[in-house]
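Residue numbers (my numbering): 1080 to 1143. Cβ atoms here follow ideal geometry from the backbone N, Cα and C, with glycine treated the same way. Read the structure below first, then the notes.
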Amino acid sequence: MIRIDVDMNKCQHYGQCVFEAPEVFHLDENDKLEYKAEAPDEMLADLEAAADVCPMQAITISRG
Ligand code: SF4
1080 MIRIDVDMNK CQHYGQCVFE APEVFHLDEN DKLEYKAEAP DEMLADLEAA ADVCPMQAIT
1140 ISRG
């Protein structure tokens, strides 16, 4: 499994991560980011892309 952590003090809810990995990240009806804390290993590339694209560098992913 891959563990996902978003520093919500940094996140500005821009939503770029949502485009890269919509299975994990999504914006709620108030445009606030929601995300899953775990995802299967097959999603690593998408999650790395989401972490790379985040303008706030708020996303941390780790294998666990
Ligand atoms: S790309 Fe980064 S700043 Fe934007 S919503 Fe996702 S985690 Fe938050």
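beta-carbon residue i near ligand 1 non-hydrogen atom, thresh 8 Å
i, result
"residue 1089", "yes"
"residue 1128", "no"
"residue 1094", "yes"
"residue 1103", "no"
"residue 1119", "no"
Assigned secondary structure, residue i (DSSP; H/G/I helix, E/B strand, else coil)
i, result
"residue 1107", "coil"
"residue 1102", "coil"
"residue 1116", "coil"
"residue 1090", "coil"
"residue 1122", "helix"
In DSSP terms, what residue i is bridged to
i, result
"residue 1129", "Beta-bridge pairing links residue 1129 to no other residue."
"residue 1085", "1138"
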